[in-house]
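Residue numbers for the sequence shown follow this note's numbering, beginning at 987 and rising by one.
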Amino acid sequence: MNNRQIIPVFLLFLLLFSTKLKAQDLLFEFGKEQDLNALIQGKTSDEQGIRWIDVNTGADTWRFEGDELVCEGMPIGVIRSEKQYENFIMYVEWKHMEAGGNSGSFVWSGAVPGENRLPDGVEVQMLELDWVNQNRRPDGELPPIAYVHGELFGVGGVETVPDNPRGTRSKSIENRCLGKGEWNTYVVVCVDGVIKLSVNGKFVNGISQSTQKKGYICLESEGAPIHFRNLTVTPLPPGVTSAEQIAPLLPNP
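So, in structure tokens, the structure goes:
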């Protein structure tokens, strides 16, 4: 291929990539961001809604039932926060509505779909308890129950060091997850490449040395209905983060 052929191909690639990014539409506000200093001082006036942008799902994927955000589960994909976050605490409540339901959240994500329609970052797994029964190993053995709730792992080229290794992933050391129709509470503390996860009132999992430690928060649609409520993000002071450790900024609608 000569230079005259390369330039049109390159321009076509840029056009397709730009079109893909422009397809990310503002959907709604859900949850709130609260200022740490205002929180310490007992103020609430500094709270602001978190705006969510569709990456590759659709307006019909998401709806509200009162203060609950309902994800229908199809198509597979994510929505992302309008802003990037580095160091923060995320509080979120979730419940699956089907046995074996699959979903999760991504933190420090680039929020650009990969080959399987999901982005890079660190995934905070949200699987319903019956998933282990529906996905037995080839030898018939059940996967560990702690695999289901709160597994943490880097995806899309993001690497981490697991606290409780299951290969390159980190599994919870105690099963505290509740089944379908019951609310679970996650507290996700993300600081300087380290993540600690509390499930229903106890810290049970973590990773460290994430190669990407600033990016978008994503909520996942992955084949099954799931409800979210009471999502709160509290930004913390930034750390020493190089450009290579930050996900690329995306244009907002």
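Idealized CB from N, CA, C, for every residue including glycine.
Given a threshold of 16 other Cβ atoms within 10 Å of its Cβ, counted over all protein chains shown, does residue i qualify as buried or as exposed?
{"i": "Ile1026", "result": "exposed"}
{"i": "Val1226", "result": "exposed"}
{"i": "Asp1040", "result": "buried"}
{"i": "Leu1217", "result": "buried"}
{"i": "Pro994", "result": "Interpretation of Pro994 is limited by its pLDDT of 41, a score under 50 that renders its predicted location unreliable; the figure taken from the coordinates is listed afterwards. Flag for Pro994 reads exposed."}
{"i": "Phe1050", "result": "exposed"}
{"i": "Ser1156", "result": "buried"}
{"i": "Thr1146", "result": "buried"}
{"i": "Lys1241", "result": "Since the displayed the chain opens at 987 and closes at 1239, residue 1241 lies outside it and no answer follows."}
{"i": "Thr1047", "result": "buried"}
{"i": "Gln1231", "result": "buried"}
{"i": "Leu1128", "result": "exposed"}
{"i": "Glu1114", "result": "buried"}
{"i": "Pro1151", "result": "exposed"}
{"i": "Glu1168", "result": "exposed"}
{"i": "Gly1087", "result": "buried"}
DSSP three-state label for residue i, please.
{"i": "Trp1117", "result": "helix"}
{"i": "Gln1198", "result": "coil"}
{"i": "Glu1206", "result": "strand"}
{"i": "Ile1131", "result": "helix"}
{"i": "Glu1137", "result": "strand"}
{"i": "Glu1079", "result": "strand"}
{"i": "Glu1109", "result": "strand"}
Contact criterion: CB-CB distance below 8 angstroms. Does residue i meet it with respect to chain D?
{"i": "Cys1163", "result": "Judged by its chain identifiers, the structure shown contains no chain D, having just a single protein chain."}
Short of 6 angstroms in beta carbon distance, which residues of its chain neighbour residue i, apart from the five on each side in sequence? Order them along the chain.
{"i": "Leu1164", "result": "Asn1170"}
{"i": "Gly1090", "result": "Glu1109, Val1110, Gln1111, Met1112 and Glu1206"}
{"i": "Asp1021", "result": "Asp1032"}
{"i": "Leu1055", "result": "Phe1016 and Phe1214"}
{"i": "Gln1034", "result": "Glu1019"}
{"i": "Gly1140", "result": "Val1108 and Thr1146"}
{"i": "Thr1245", "result": "Residue 1245 lies beyond the range of the chain shown here (987 to 1239); nothing can be said about it."}
{"i": "Arg1066", "result": "Ile1039, Val1041, Ala1097, Tyr1202 and Cys1204"}
Please go through the same chain and pick out, in chain order, the residues whose beta-carbon is closer than 8 angstroms to the beta-carbon of residue i, but skip the five residues on each side of it.
{"i": "Asn1186", "result": "Arg1162, Cys1163, Leu1164, Asn1170 and Thr1171"}
{"i": "Pro1239", "result": "Gln1010, Asp1011, Leu1012 and Ile1039"}
Here's a check: name, in chain order, each residue in its chain whose Cβ is nearer than 7 angstroms to the Cβ of residue i, leaving out the five neighbours to either side.
{"i": "Asp1125", "result": "none"}
{"i": "Lys1199", "result": "Glu1072, Trp1094, Asp1178, Gly1179, Thr1227 and Gln1231"}
{"i": "Ala1085", "result": "Glu1114, Asp1116 and Lys1166"}
- [ ] Spell out a yes or no on whether the stretch 1057-1069 and the stretch 1099-1107 are touching, meaning 3 or more CB-CB pairs, one atom from each, closer than 8 angstroms.
- [x] Taking a contact to require three or more Cβ pairs closer than 8 angstroms, the stretch 1057-1069 and the stretch 1099-1107 qualify as touching.
Query raised in the report: What alpha helix (DSSP H) runs, 4 residues minimum, are completely inside the stretch 1006-1075?
Result: As for any alpha helix (DSSP H) of minimum length 4 sitting wholly inside the stretch 1006-1075, the runs are 1022-1026, ordered along the chain.
- prompt: With a cut-off of 8 angstroms, do at least 3 Cβ pairs link the stretch 1208-1226 to the stretch 1081-1099?
  reply: Judged by Cβ distances under 8 angstroms, the stretch 1208-1226 makes contact with the stretch 1081-1099, as three or more pairs qualify.
For the stretch 1126-1143 against the stretch 1066-1080, do three or more pairs of beta-carbon atoms, one drawn from each stretch, fall closer than 8 angstroms, so that the two count as touching? The stretch 1126-1143 is not in contact with the stretch 1066-1080.
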